[in-house]
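Notes follow once the structure below has been shown.
Protein chains: 2
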Amino acid sequence: MVRRRLTIDEYINGIISGNRFILSRAITLIESALESDFELSQQLLEKIMPYTGKSIRVGISGVPGVGKSTLIETFGDYIASNNHKVAVLAIDPSSQKTSGSIMGDKTRMEKLSQNPNAYIRPSATGSSLGGVARKTRESMLLCEAAGFDVILIETVGVGQSETTVRGMVDFFLLLMLSGAGDELQGIKKGIMEMADALVITKADGDNIAKTKAAKAEYKNALHLFRPEESGWFCNVLTCSAITNEGLPEIWEEVEKFQAKTKSNGWFFECRKRQNLKWMHDSIQEELIRKFYNNPTVKLALQTFEENVASGKIPPYSAGEKLIEIYKK
Amino acid sequence: MVRRRLTIDEYINGIISGNRFILSRAITLIESALESDFELSQQLLEKIMPYTGKSIRVGISGVPGVGKSTLIETFGDYIASNNHKVAVLAIDPSSQKTSGSIMGDKTRMEKLSQNPNAYIRPSATGSSLGGVARKTRESMLLCEAAGFDVILIETVGVGQSETTVRGMVDFFLLLMLSGAGDELQGIKKGIMEMADALVITKADGDNIAKTKAAKAEYKNALHLFRPEESGWFCNVLTCSAITNEGLPEIWEEVEKFQAKTKSNGWFFECRKRQNLKWMHDSIQEELIRKFYNNPTVKLALQTFEENVASGKIPPYSAGEKLIEIYKK
């Protein structure tokens, strides 16, 4: 069965009235690689813009095994049960290769997905982190227009994806394990510096003493960092997805952050900067997209690729010549 | 004192005859952000292309504290003392912010820099990893044309820079510490999968037993990985920059790799793929560079940035409108 194409008004009205079915179709539209879908999705985004921006955007990161999905499930459920509408998005540049994590998330978040105040969208697939980031930002706007006032963005990849998520959220939550050795600090320092709160997971049973020790250690480490431009000081919390202890405190921290940074203006300053970066990112993606979609380039590309592969033309010269063809 | 601009022929002849002073000036030319320098550097690269590609390109990575610079210094010295000409380049996207590491390297590699068979170039600074990567690749070609037959490329940043270096070298060496806990494995798996050899550093004094245990553990972990397309199996070695033990074995491993992958064709296949990626990267960088250097765009950009910052125009629309201006 072929589904009928929705009109732009059907999309807009559906989203603004909070229709999840239409929200999902709109996100699919945005994730589409078809040129015709691209035009429509850009129109849609422009129209819904006045309805966006009113949520608190929270990024959640941590090494594999830290219990990210479990925390998002229980934390999301806690927020949704306290009169908030929660949307969960994931940013996963590796999803093209291994779709395992996405399927895993779907299963693990079964409870949250049944909560009427929650909406879960598995991560966008894309050929580059930039492409995935763009789609995640656009999906976030659609969710906001549909009335979700808390957006949780989970990082699934490692490394660069944390920086990408940090660039699109208001509050960055970093999950940590107790008992991580000193060796780990070297890698994590850059990521720890981006955090608005550290949360040590699995604070239950035999693990409680270890968690307390880790909390003291991380607090100590954080004191070495320079104070944030935001006037906010990163705190260390603990939680358990088994006993649910610590979840209200995490949410309180997010609310305190909002109050403080909205009153000192940082919240808005930060969004301004993010919007500027967003503009430049979209310019760059669009330049590249237009190039590769150009019919003359498409025709010529294969020959150039063959000549570069066989060593007939140096890579740069091939690139320059293709750009000359494009300019004509 | 203003230095006289060299002609293209002076650059080419200087580089091909192995003149280090001119090699250094050529790398500076390539790193320049001036439009006039860019044209000249592209001409230069095209002309020296026939003299490039004859080195073995080795990437060296590892977490901070693993002893990367120390190993490169002693390993480079070992290779250079065995009738090879060694060039050391670093890829460091963070260098704009913290120039500490570069100064550190310079000091620490003092011994190697005095070896007549060695050439050390501190990392290019750049606003993006893509820009740094481009300059490092171009510097590598210049070094090859100047007769260096071993290029060592050090990663200084964390995360994404490993993938970038892996994409421009033949052999990827990953340095490891003994006694790194299980927690580390989660982060490292992706990077370990890229390695052609693991080298456990600091195998001296009280540390020897720990190093042996780590070697066994890593060997075990590597057995879980799928066999490489290259037909090469990643081995685990140990070394000490104090006693110099293990250095000949690392070099032997690089030579074995070369022999094996040149005979089965992988070496050339891999370079082909790298050249293709290189072509696409250079296209994308060039599209973006041309856009921002366009006089009309330069004039309009500030107003658009102000309107995006103040919320008057959504980021996408601003981006689209700027591209329209550019197309005219």
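Protein chains in written order, with the working numbering: chain V, 1 to 328; chain S, 1 to 328.
Built from N, CA and C at the ideal position, the CB exists for glycine as well.
Quantities reported herein were computed from a predicted structural model and do not represent experimental measurements.
- The beta carbon of S:V308 falls within 9 angstroms of a beta carbon belonging to chain V, placing the residue at that interface.
- For S:D170, the CB contacts under 6 angstroms within the same chain, skipping 5 residues up- and downstream, are I56, R57 in chain order.
- Taking C-alpha positions only, V:G62 is separated from V:C239 by approximately 14 angstroms.
- Contact annotation, S:V156 with S:K85: C-beta distance approximately 23 angstroms; criterion of less than 8 angstroms not satisfied.
- Within the segment 4 to 37 of chain V, the runs of alpha helix (DSSP H) at least 4 residues long that lie entirely inside it are, in chain order, 8 to 16, 20 to 31.
- Listed along the chain, the chain V residues whose CB falls inside 8 angstroms of the CB of S:W251 amount to none; the nearest CB is some 27 angstroms away.
- Rounded to whole angstroms, the gap between the alpha carbons of S:P315 and S:C270 is 39 angstroms.
- Under DSSP, S:T155 forms a beta bridge with S:I91.
- Rounded to the nearest angstrom, the gap between the Cα atoms of S:G205 and S:E245 is 12 angstroms.
- Between the beta-carbon of V:M49 and that of V:E73 there is about 31 angstroms, and that puts the pair past the 8 angstroms contact cut.
- Counting every other CB atom within 10 Å of its CB across the protein chains shown gives V:I120 a total of 16 or more, marking it as buried.
- Using a CB distance cut-off of 9 angstroms, V:Q42 counts as an interface residue toward chain S.
- S:V297 is positioned such that its CB atom lies no closer than 9 angstroms to that of V:N275.
- Here V:L299 is exposed. Its C-beta has fewer than 16 other C-beta atoms within 10 Å.
- Residues of the segment 311 to 324 of chain V with a C-beta atom less than 8 angstroms from some C-beta of chain S are G311, P314, P315, Y316, S317, A318, G319, E320, L322, I323, listed in chain order.
- Looking from the CA of V:I12, the closest CA among V:V132, V:A197, V:A146, V:N83 belongs to V:A146.
- In this structure the segment 29 to 47 of chain S does not touch the segment 64 to 81 of chain S; the number of beta carbon pairs closer than 8 angstroms is below three.
- In this model, S:E253 and S:L237 are separated by some 9 angstroms (Cα to Cα).
- The Cβ of S:I283 sits closer than 9 angstroms to at least one Cβ of chain V.
- The CB of S:L174 never comes closer than 7 angstroms to any CB in chain V; the least such distance is about 14 angstroms.
- In this structure, V:T201 places its C-beta atom within 9 angstroms of the C-beta atom of V:L177.
- Taking CB atoms only, V:M279 has a neighbour in chain S less than 9 angstroms away.
- Within 7 angstroms of the CB of V:I30, no CB atom of chain S is found; the nearest one sits about 11 angstroms away.
- Under the three-state reduction of DSSP, S:F233 is assigned to coil, being neither helix nor strand.
- Apart from the 5 residues on each side of it in sequence, V:P248 has no Cβ closer than 6 angstroms to any other Cβ in its chain.
- Within the segment 196 to 270 of chain V, the complete alpha helix (DSSP H) segments at least 4 residues long are 208 to 222, 247 to 263, listed from N- to C-terminus.
- In terms of beta-carbon proximity, S:L276 lines the interface with chain V, with at least one pair separated by less than 9 angstroms.
- In this structure the segment 207 to 214 of chain S does not lie against the segment 22 to 36 of chain S, because fewer than three pairs of beta carbons, one per stretch, are closer than 8 angstroms.
- Bounds of the beta strand (DSSP E) holding V:S61 are 56 to 61.
- Measuring C-alpha to C-alpha distances from V:S230 to each of V:S41, V:K260, V:T243, V:K215 identifies V:K260 as the nearest.
- Excluding five sequence positions before and after V:S41, the CB atoms of its chain that fall closer than 6 angstroms to its own CB belong to L29, I30, given in chain order.
- The DSSP-derived three-state label of V:L177 is coil.
- Listed along chain V are V308, A309, S310, G311, each with a C-beta nearer than 9 angstroms to that of S:K272.
- Neighbourhood of S:E305 in chain V, by CB distance below 7 angstroms: L276, in chain order.
- Listed along the chain, the chain V residues whose CB falls inside 7 angstroms of the CB of S:M49 are P314.
- Residue range 68 to 80 is occupied by the alpha helix (DSSP H) that includes V:I79.
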